[in-house]
Amino acid sequence: MLQYKKIEIELNEGNEDITKAVLELNNAFPKEEILLDVDKNKIIVNLRLLDLEKFKEKLNEITEKHNLSFQNPFTQIIYEIESIKSYGIKSGKRLYVDYDKERKVKNRKQKIEDRGKYFYARDNNFSKINNELPKDFENKIICADSEEFLKRLPDNCIDLIFTSPPYNFGLDYENHKDGINWNAYFDKLFGIFKECIRILKYGGRIIVNVQPLFSDYIPIHHIISNFFMENKMIWRAEILWDKHNYNAKYTAWGSWKSPSNPYLKYTWEFLEVFSKGDLKHEGDSKNADITDEEFKKWVYAKWDISPERNMKEFGHPAMFPEELVKRVLKLFSFENDIVLDPFNGVGTTTKVAKQLNRRFLGIDISEEYTKKAIERLKGISYQKKL
Ligand SMILES: C[S@@+](CC[C@H](N)C(=O)[O-])C[C@H]1O[C@@H](n2cnc3c(N)ncnc32)[C@H](O)[C@@H]1O
Numbered sequence: 273m274l275q276y277k278k279i280e281i282e283l284n285e286g287n288e289d290i291t292k293a294v295l296e297l298n299n300a301f302p303k304e305e306i307l308l309d310v311d312k313n314k315i316i317v318n319l320r321l322l323d324l325e326k327f328k329e330k331l332n333e334i335t336e337k338h339n340l341s342f343q344n345p346f347t348q349i350i351y352e353i354e355s356i357k358s359y360g361i362k363s364g365k366r367l368y369v370d371y372d373k374e375r376k377v378k379n380r381k382q383k384i385e386d387r388g389k390y391f392y393a394r395d396n397n398f399s400k401i402n403n404e405l406p407k408d409f410e411n412k413i414i415c416a417d418s419e420e421f422l423k424r425l426p427d428n429c430i431d432l433i434f435t436s437p438p439y440n441f442g443l444d445y446e447n448h449k450d451g452i453n454w455n456a457y458f459d460k461l462f463g464i465f466k467e468c469i470r471i472l473k474y475g476g477r478i479i480v481n482v483q484p485l486f487s488d489y490i491p492i493h494h495i496i497s498n499f500f501m502e503n504k505m506i507w508r509a510e511i512l513w514d515k516h517n518y519n520a521k522y523t524a525w526g527s528w529k530s531p532s533n534p535y536l537k538y539t540w541e542f543l544e545v546f547s548k549g550d551l552k553h554e555g556d557s558k559n560a561d562i563t564d565e566e567f568k569k570w571v572y573a574k575w576d577i578s579p580e581r582n583m584k585e586f587g588h589p590a591m592f593p594e595e596l597v598k599r600v601l602k603l604f605s606f607e608n609d610i611v612l613d614p615f616n617g618v619g620t621t622t623k624v625a626k627q628l629n630r631r632f633l634g635i636d637i638s639e640e641y642t643k644k645a646i647e648r649l650k651g652i653s654y655q656k657k658l
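Heads up: the sequence shown begins at 273 in our numbering, then just goes up one per residue.
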């Protein structure tokens, strides 16, 4: 007997047109792939294999033909099907049952060992002994050059670093020249990142948001990832932050309508995620504050989040949107953890950290941005005793 994945949609009341529409759908698709039943006040969708785009097209056609209202049950069916994020692909269609059986690799664990999972990070010398961040540095926003300041912190004292360095695009920062020779840029950046690795706890994470300068053909995200891997950090994930900013001109660089030198457009940035020593970060499960829904949604590594809209108000050209920081902190850290941003700008990381009951430390070289970051913390109090 064929196995199906079942979806049930409640009907407010039986409707002749709905029954006709279900019949037409069943005629349009093989019953081995999808089969719909109307049973009293329910539509039952038996789902096995589906060309989703074709199914949507057919539904649109049927909806129009039967003049079904905008809020018809088929809209809900599409929504439910699109919410299923685990499926296999077979002949270009989505396979909803037994797809993991088909892919099953025998002796998976042994094969992972044989291949050498994160082999580049295995022979690290990281100490497993974690230290407390001195109280003097806890919940502070500091104006300093991070390369100098971080030297004052003990080894292994920070749970999570989330940051976005200047991208070297030539942006107008208050107190920092953006747009210098690439070698000088990477020397400075890696001086700061070396300190970041040292002060991260064993099992701690560093997440770096970057946008490559495509017009200079410099893949900063790859160069940074390479640096961390050479320094024995585990590259654990890459998140695409899609900002959907389609405002770039078509012919700014390269060639128009010719293969001679086409220039591609990007509406997204990258978040590269690294772990020190171990993928697992120790913490009390009572301090995990991510909800079921958030977890299910955010483990899909493409995040659609609009850019921060209030940059003018803060006088800063490259701020994080708060939603981005919220997702990173809830997915990768526990309440009460210590969160550091060594390029804190006007303090989006530190503000959200406080709102989410994390301890924090923010550092920026600009006095003006530091003052604004401190200002943004006013009126936010911890919701829990840390
Ligand atoms: C992309 S911005 C970060 C913005 C921040 N995420 C926010 O939401 O406001 C980079 C920041 O790095 C700061 N910066 C540049 N060089 C620095 C250094 N050596 N030490 C500390 N901060 C530095 C700049 O002043 C700038 O505010």
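Ideal placement from N, C-alpha and C gives every residue a C-beta, glycine not left out.
Original post:
Under a Cβ-count criterion, where at least 16 other Cβ atoms within 10 Å of its own Cβ denotes burial, should P437 be classed as buried or exposed?
Top reply: Within the sequence shown, the letter at position 165 stands for residue 437. Buried, by the Cβ-count rule.
Original post:
Whose C-beta lies closer than 7 Å to the C-beta of E282 among residues of the same chain, with five residues either side of it excluded?
Top reply: Position 10 of the sequence shown, counted from the first residue, corresponds to residue 282. Cβ within range, chain order: N313, K314.
Original post:
Cβ atoms of P579 and P593: under 8 Å apart, would you say?
Top reply: Along the sequence shown, one-based indexing puts residue 593 at 321. Along the sequence shown, one-based indexing puts residue 579 at 307. In contact: P593 and P579 (Cβ atoms closer than 8 Å).
Subject >> Assumed close pair L543, I511 - CB separation to whole angstroms, cut-off 8 Å >> reply: As a first step, residue 543 must be located in the sequence shown, where it is residue number 271. As a first step, residue 511 must be located in the sequence shown, where it is residue number 239. Right, their Cβ atoms sit about 4 Å apart.
Original post:
Quick one: what does DSSP say R508 is sitting in, helix, strand or coil?
Top reply: Sequence index remark: in the sequence shown, residue 508 carries index 236 (1-based). Three-state DSSP puts R508 in a strand.
Original post:
Looking at P302 and ligand 3, is the gap between the Cβ and the nearest heavy atom below 7 Å?
Top reply: Absence of ligand 3 is noted for the structure shown, with ligand 1 being the only ligands found.
Original post:
Apart from the five residues on each side of it in sequence, which residues of its chain come closer than 8 Å, Cβ to Cβ, to I646?
Top reply: What you label residue 646 is simply residue 374 of the sequence shown in a count that begins at 1. Excluding residues within five positions, the ones whose Cβ falls inside 8 Å are I413, G619.
**OP:** Spell out a yes or no on whether the segment 465-475 and the segment 421-435 are touching, meaning 3 or more CB-CB pairs, one atom from each, closer than 8 Å.
**Re:** yes
Original post:
Within the present structure, is the beta-carbon of F465 separated from the nearest heavy atom of ligand 1 by less than 7 Å?
Top reply: Here residue 465 refers to the residue found at position 193 when the sequence shown is read from its first residue. Checking the Cβ of F465 against ligand 1 gives no.
Subject >> Distance, N517 Cα to I334 Cα >> reply: Taking the sequence shown and counting its residues from 1, the one referred to as residue 334 is at position 62. Taking the sequence shown and counting its residues from 1, the one referred to as residue 517 is at position 245. Cα-Cα distance, rounded: 35 Å.
Subject >> Y392 and M501 closer than 8 Å at C-beta >> reply: Taking the first residue of the sequence shown as 1, we reach residue 392 at position 120. Taking the first residue of the sequence shown as 1, we reach residue 501 at position 229. Yes, they are a contact pair.
**OP:** Can you have a look at T622 and say buried or exposed, based on whether 16 or more other CB atoms are within 10 angstroms of its CB?
**Re:** Taking the sequence shown and counting its residues from 1, the one referred to as residue 622 is at position 350. Buried, because 16 or more other Cβ atoms sit within 10 Å of the Cβ of T622.
**OP:** Would you mind sorting F465 into buried or exposed? The rule is 16 or more other CB atoms within 10 Å of its CB.
**Re:** The count along the sequence shown starts at 1 and reaches residue 465 at position 193. Classification for F465: buried.
**OP:** Just grab the DSSP bridge partners of V545 for me.
**Re:** Your numbering for residue 545 matches position 273 in the sequence shown. Per DSSP, I479, A509.
Subject >> Where F434 sits in the DSSP three-state scheme >> reply: Translated into the one-based positions of the sequence shown, residue 434 becomes position 162. If DSSP states are grouped into helix, strand and coil, F434 belongs with the strands.
Original post:
For I496, which option in W513, I478, N318, S487 has the closest C-alpha, if you only look at C-alpha atoms?
Top reply: Here the question's residue 496 lines up with position 224 in the sequence shown. Of the candidates W513, I478, N318, S487, the one whose C-alpha sits nearest the C-alpha of I496 is I478.
**OP:** Look at the alpha carbon of I469 and the alpha carbon of K584, and state the distance between them as a whole number of angstroms.
**Re:** Indexing the sequence shown from 1 puts residue 469 at position 197. Indexing the sequence shown from 1 puts residue 584 at position 312. Approximately 33 Å, taken between the alpha carbons.
**OP:** Determine the DSSP secondary structure at C468, reduced to helix, strand or coil.
**Re:** In the sequence shown, the residue the question calls residue 468 occupies position 196. Three-state result, C468: helix.
Subject >> Host beta strand (DSSP E) of F632 (start-end) >> reply: Here the question's residue 632 lines up with position 360 in the sequence shown. F632 -> beta strand (DSSP E) spans 631-636.
Original post:
With a Cβ-Cβ cutoff of 8 Å, do H338 and A300 count as a contact?
Top reply: On the sequence shown, residue 338 is found 66 positions in, with the first residue counted as 1. On the sequence shown, residue 300 is found 28 positions in, with the first residue counted as 1. No; because the gap between Cβ atoms is not below 8 Å, this pair is not in contact.
Subject >> As assigned by DSSP and simplified to three states, the class of Y489 >> reply: Translated into positions along the sequence shown, residue 489 becomes position 217. Of the three classes helix, strand and coil, the one that applies to Y489 here is coil, per DSSP.
Original post:
Roughly how many angstroms lie between the CA atoms of W570 and T435, to the nearest whole one?
Top reply: Here residue 570 refers to the residue found at position 298 of the sequence shown. Here residue 435 refers to the residue found at position 163 of the sequence shown. Distance between the alpha carbons of W570 and T435 is about 19 Å.
Original post:
When the distance is taken between beta carbons, is Y439 closer than 8 Å to I492?
Top reply: The residue given as residue 492 occupies position 220 in the sequence shown. The residue given as residue 439 occupies position 167 in the sequence shown. Taking 8 Å as the Cβ cut-off, I492 and Y439 qualify as a contacting pair.
Subject >> 4-residue-minimum alpha helix (DSSP H) runs that sit fully inside the segment 569-651, ordered along the chain >> reply: 583-586, 594-604, 620-627, 639-649
Original post:
Would the segment 629-640 and the segment 406-425 be scored as touching if the rule is three or more Cβ pairs under 8 Å?
Top reply: yes
Subject >> Residues bridged to W540 (per DSSP) >> reply: As a working note, residue 540 is residue 268 in the sequence shown. In the DSSP output, where bridge partners are listed per residue, W540 has D514.
Subject >> E282: first and last residue of the uninterrupted beta strand (DSSP E) it sits in >> reply: In the sequence shown, counting from the first residue as 1, residue 282 sits at position 10. Per DSSP, E282 belongs to the beta strand (DSSP E) from 277-282.
Subject >> Residue nearest to F586 in terms of C-alpha spacing, selected from L461, N344, H494, K644 >> reply: Here the question's residue 586 lines up with position 314 in the sequence shown. The residue with the shortest Cα to Cα distance from F586 is K644.
Original post:
Is the beta carbon of V482 less than 8 Å from the beta carbon of R508?
Top reply: Walking along the sequence shown from the start, residue 482 turns up at place 210. Walking along the sequence shown from the start, residue 508 turns up at place 236. Contact flag unset, no.
Original post:
Since D386 is in the alpha helix (DSSP H), which residue starts that stretch and which ends it?
Top reply: Residue mapping note: residue 386 aligns to position 114 of the sequence shown, counting from 1. Unbroken alpha helix (DSSP H) run through D386: 380-387.
Original post:
Mind checking whether the beta-carbon of S578 lies closer than 7 Å to any heavy atom of ligand 1?
Top reply: Here residue 578 corresponds to residue number 306 of the sequence shown, with the count starting at 1. Outside the cutoff, so no.
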